[in-house]
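In the numbering used here, the protein residues as written are 1 to 196.
Think of the CB as a built atom: it goes at the ideal place given N, C-alpha and C, for glycine as much as any other residue.
A quick note: this is a predicted structure, and the numbers were derived from the prediction, not measured.
Next comes the structure, spelled out in C-alpha cells:
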C-alpha cells in the first residue's frame, strides 16, 4: 500500500500532460460534446489498460528492445495524427451536429493505443518502476492496471470536459476557425514530438 501514492502520482503526471490522446479528446469534446466522447474515453482506458497488462507480463520489454518495432510504432502513430490533423482542419460544429462526422469509437480509440508511442512509454516505464516491488504475479499486475486506469480515466476526462465546456464559446465562425487552427497545430506538434 505504500506504493499507492507514488504509483498514483506517476499515473497522474503521465496521463494529464499533453499528448496524442489528450489532444484528440479535447477536440472530440468540442466537436461532439462530452456525452458523445464517452466511448472514446473508455476506449483509451481499455486499450491502455490492456497495453499496461501486456507490458507488465513482459511484452513491453520486447517493444523497447527491438528498435525496428519502435520505429514502426512512431511511423504509424505520427501518420495517424497527421491524418487526424488533416481531417480536423475543416471540421465545424455544424458538421458534427448534422451527424456528418462521428466521434472516435471505443474500438478505434482502444486500437490507437497500440500505435501511440507515448502510451507505450507510460506502460513500459510504469510496469518496470512498480512491478518489481509488487511482485510479478497477477495480483501485482492487476493493482498496477487498476490504479493506472482509474487515474488515467479521470485525467483524460478532464481534457474531454474542457473541450466540451469550450463548445458553447465556439459558436461564432471566427472562433471556430481560430480554435481549429490551434488544434491542427497541436496535433501536428504531437505527431512530430513522437520522434523527439
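Counted within 10 angstroms of its Cβ, other Cβ atoms place residue i as buried (16 or more) or exposed
{"i": "residue 13", "result": "exposed"}
{"i": "residue 79", "result": "exposed"}
{"i": "residue 33", "result": "buried"}
{"i": "residue 118", "result": "buried"}
{"i": "residue 159", "result": "buried"}
{"i": "residue 68", "result": "exposed"}
{"i": "residue 9", "result": "exposed"}
{"i": "residue 165", "result": "exposed"}
{"i": "residue 126", "result": "buried"}
{"i": "residue 178", "result": "exposed"}
{"i": "residue 170", "result": "buried"}
{"i": "residue 228", "result": "Nothing about residue 228 can be read from this structure; the chain reaches only from 1 to 196."}
Inter-residue spacing [alpha-carbon to alpha-carbon] between residue i and residue j
{"i": "residue 107", "j": "residue 168", "result": "28 Å"}
{"i": "residue 175", "j": "residue 86", "result": "19 Å"}
{"i": "residue 163", "j": "residue 81", "result": "18 Å"}
{"i": "residue 121", "j": "residue 35", "result": "29 Å"}
{"i": "residue 57", "j": "residue 141", "result": "8 Å"}
{"i": "residue 89", "j": "residue 3", "result": "43 Å"}
{"i": "residue 192", "j": "residue 180", "result": "18 Å"}
{"i": "residue 45", "j": "residue 146", "result": "10 Å"}
{"i": "residue 66", "j": "residue 137", "result": "25 Å"}
{"i": "residue 182", "j": "residue 143", "result": "38 Å"}
{"i": "residue 73", "j": "residue 23", "result": "18 Å"}
{"i": "residue 39", "j": "residue 75", "result": "26 Å"}
{"i": "residue 6", "j": "residue 124", "result": "16 Å"}
{"i": "residue 134", "j": "residue 195", "result": "32 Å"}
Integer Cβ distance of residue i from residue j, believed to fall under 8 Å
{"i": "residue 157", "j": "residue 103", "result": "Rounded, the Cβ-Cβ distance is 14 Å, inconsistent with contact."}
{"i": "residue 109", "j": "residue 43", "result": "3 Å"}
{"i": "residue 114", "j": "residue 19", "result": "Residue 114 to residue 19, Cβ: 15 Å. No contact."}
{"i": "residue 21", "j": "residue 77", "result": "Going by Cβ atoms, the distance from residue 21 to residue 77 rounds to 11 Å, so no, they are not a contact pair."}
{"i": "residue 25", "j": "residue 41", "result": "7 Å"}
{"i": "residue 11", "j": "residue 148", "result": "5 Å"}
Assigned secondary structure, residue i (DSSP; H/G/I helix, E/B strand, else coil)
{"i": "residue 104", "result": "coil"}
{"i": "residue 89", "result": "coil"}
{"i": "residue 66", "result": "coil"}
{"i": "residue 170", "result": "helix"}
{"i": "residue 3", "result": "coil"}
{"i": "residue 57", "result": "coil"}
{"i": "residue 98", "result": "Any reading at residue 98 must be qualified, since the residue scores a pLDDT of 48, below 50, and its modelled position is unreliable; no value is offered."}
{"i": "residue 116", "result": "coil"}
{"i": "residue 17", "result": "coil"}
{"i": "residue 195", "result": "coil"}
{"i": "residue 140", "result": "helix"}
{"i": "residue 33", "result": "coil"}
Counting beta carbon pairs with one atom in the region 178 to 192 and one in the region 46 to 58, are three or more of them shorter than 8 Å?
no
Segment contact, 8 Å Cβ cut-off, at least three pairs: the region 147 to 158 with the region 5 to 20
yes
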